[in-house]
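Chains as they are written, first to last, in the working numbering: chain A, 8 to 434; chain B, 7 to 142.
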């Protein structure tokens, strides 16, 4: 999931532009994002990073400064079309954050212009959700929509509508509220992670069970209380709900020069090994443990650390200054590293089975990044909390990892040429 | 006693509230002793492990959580919840790992879908010579 880690300060420093007020952005049905041509990458053949793929399973994405020019750093976005189920009454919403760290379509209530029926639970009551992101919690009703991504479609999908127009955020839904554009800093989230549903079996348990984490609510009038929701009615992976090309996604982004870029086009392909354009080829498969984690040996041959890979994180977050000898920035940039000179490093990504591949990466001085660019392959910072708990991830490979690569995310329980998901793969 | 209280053991509370939490969460409780403090570790049926760090005064000076979903932060932070929210609201939304420093309090949060972790520490109550990063 997880997104950009960007403080107000880095926005000021790198952008200097204001947030502006939310503006409704509608385009007619079929008005999906414009065609784009990647600027070229370092890979050749297969589903190579930066190659232009064509086919029915391709969705254009872009890494840019975000909706309304808010100055998002390293945000990867796509346009998503939502339709009243079973109709051609549709709208396309741009700048949905593409997030391999979460699952499900979430869109701001203020942007929804087409009629969407309430998603209802077993008792017929309208449902709502309290969905945790890393440092905030999104609240709002669940709706049913037909969702189109490029030319593929998921019918009758349960999606999360973010806002308090229907129901106020309840007291037991805690964390910094995400209920509007200023708090979300995107028009929505396109969660394309490893799970079939955002919550899964735990939320299907009795609402009274101590094992139900209480994400879903049933609402009567204005009052909402924790509910049990069966898997099929939960917020679900849009791609897994396609009739075909439904076992995973591949994100392809070109390389980015050390000086950064204003905007970078890329693509998301649906399916793994289902079409000529989405073969695994020579990609290294990284299998995951039961928590969805893999390992990173750093430096190469060194200690292995618990790790995640997440297009929604806007930097490479790993270890701490004491371990890496990379100086931490001060002031508003203290979430990032500020080494004296750009530092080139290597690590080995290791699957749970012990198979892995080496990767090279760079850490720039975050305080010297161009203030006219919004895309950086060398933005990195320490992992907050490291080394407190050895069970938590010490590496979060965020969007910089994706530049110049094809990164595969295989969905749980879905069959692929490399076996049943979940797993990650890249080249 | 186990059935008598709806109390939540929050930051700054007395450690006796931990027992009530154990009952409320139907959690298993383990106690570990460290130099200058004790760790009361509750494992909830949701898979979330909550560790309450108790100083020699008997007060809870830090709480961490890991695994599963994020616990109710209002319960965890108690009287400190509102100022945490005020500070978190002051940030632009961030979906990467976070560290928020407030007077007398440090909050760290990270993870992702189905696997969250975090720690909140009252720095003024830390045992002498112990840093938030030392708590494990």
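A virtual CB, placed ideally from N, CA and C, is assigned to each residue, including glycine.
Around the C-beta of residue 287 of chain A, 16 or more other C-beta atoms lie within 10 Å, and the residue is accordingly described as buried. Residue 318 of chain A is not a Cβ neighbour of residue 118 of chain B, given a cutoff of 8 Å.
The region 395 to 404 of chain A makes no contact with the region 262 to 273 of chain A; the number of CB pairs closer than 8 Å stays below 3. Note: residue 413 of chain A is bridge-paired with A/259 in the DSSP secondary-structure output. Burial check for residue 246 of chain A: the Cβ neighbour count within 10 Å reaches 16 or more, so the residue is buried. It is roughly 5 Å from the alpha-carbon of residue 85 of chain A to the alpha-carbon of residue 103 of chain A.
In the three-state reduction of the DSSP assignment, residue 83 of chain B falls in the helix class, which pools H, G and I.
For the options A/327, A/178, A/121 and A/407, the alpha carbon positioned closest to that of residue 221 of chain A is the one of A/178. Residue 306 of chain A carries a coil assignment under DSSP once its states are collapsed to helix, strand and coil.
Here residue 337 of chain A is exposed, its C-beta having fewer than 16 other C-beta atoms within 10 Å. Assignment of beta-bridge partners to residue 324 of chain A by DSSP yields A/388 and A/403. With a minimum length of 3 residues, the unbroken runs of beta strand (DSSP E) contained wholly in the region 81 to 105 of chain A fall at 82 to 90.
Following the DSSP letters along the chain, one finds residue 188 of chain A inside the alpha helix (DSSP H) bounded by residues 188 to 191. Residue pairing of residue 352 of chain A in beta bridges, as defined by DSSP: A/368. With respect to the C-alpha of residue 108 of chain B, the residue from B/74, B/91 and B/36 having the closest C-alpha is B/91. Between residue 252 of chain A and residue 291 of chain A, the CB-CB gap reaches or exceeds 8 Å. Counting along the chain, the unbroken beta strand (DSSP E) around residue 272 of chain A starts and ends at 271 to 277. The beta carbon of residue 236 of chain A sits closer than 7 Å to those of 128, 134, 210, 211 and 223, all from its chain and outside the five residues before and after it, given in chain order.
The criterion of a C-beta distance shorter than 8 Å is satisfied by residue 141 of chain A and residue 115 of chain B. Among the residues facing chain A, residue 79 of chain B is included, as its CB has a counterpart in that chain under 8 Å away. Residue burial annotation: residue 119 of chain A is buried, with at least 16 other C-beta atoms found within 10 angstroms of its C-beta. For residue 51 of chain B, the residues of chain A that pass the 7 Å Cβ criterion are 217 and 218, in the order they occur in the chain. For residue 136 of chain A and residue 134 of chain B, the gap between their C-alpha atoms comes out near 42 Å.
For the options A/339, A/121 and A/350, the alpha carbon positioned closest to that of residue 96 of chain A is the one of A/121. Of all residues in the region 64 to 75 of chain B, those with a C-beta nearer than 9 Å to a C-beta of chain A are 70, 72, 73, 74 and 75, reading in chain order. Counting only Cβ-Cβ distances below 8 Å, residue 47 of chain B has no contacts in chain A at all, with the closest Cβ about 11 Å away. Note on residue 362 of chain A: under 16 other CB atoms within 10 angstroms of its CB, so exposed under the neighbour-count rule. Taking C-alpha positions only, residue 173 of chain A is separated from residue 229 of chain A by approximately 8 Å. Using a Cβ distance threshold of 8 Å, residue 429 of chain A and residue 299 of chain A count as a contacting pair. With respect to residue 198 of chain A, residue 92 of chain A sits apart: the two C-beta atoms are not nearer than 8 Å. For residue 95 of chain B, the nearest beta carbon of chain A is closer than 8 Å to its own beta carbon. Residue pairing from DSSP places residue 58 of chain B in a beta bridge opposite B/46 and B/69. Where residue 244 of chain A is concerned, there is no enclosing beta strand (DSSP E), because DSSP gives it neither an H nor an E. Between residue 409 of chain A and residue 260 of chain A, the C-beta spacing is below 8 Å. A straight line joining the alpha-carbon of residue 81 of chain B with that of residue 69 of chain B spans about 11 Å. Secondary structure of residue 291 of chain A (DSSP, three-state): strand.
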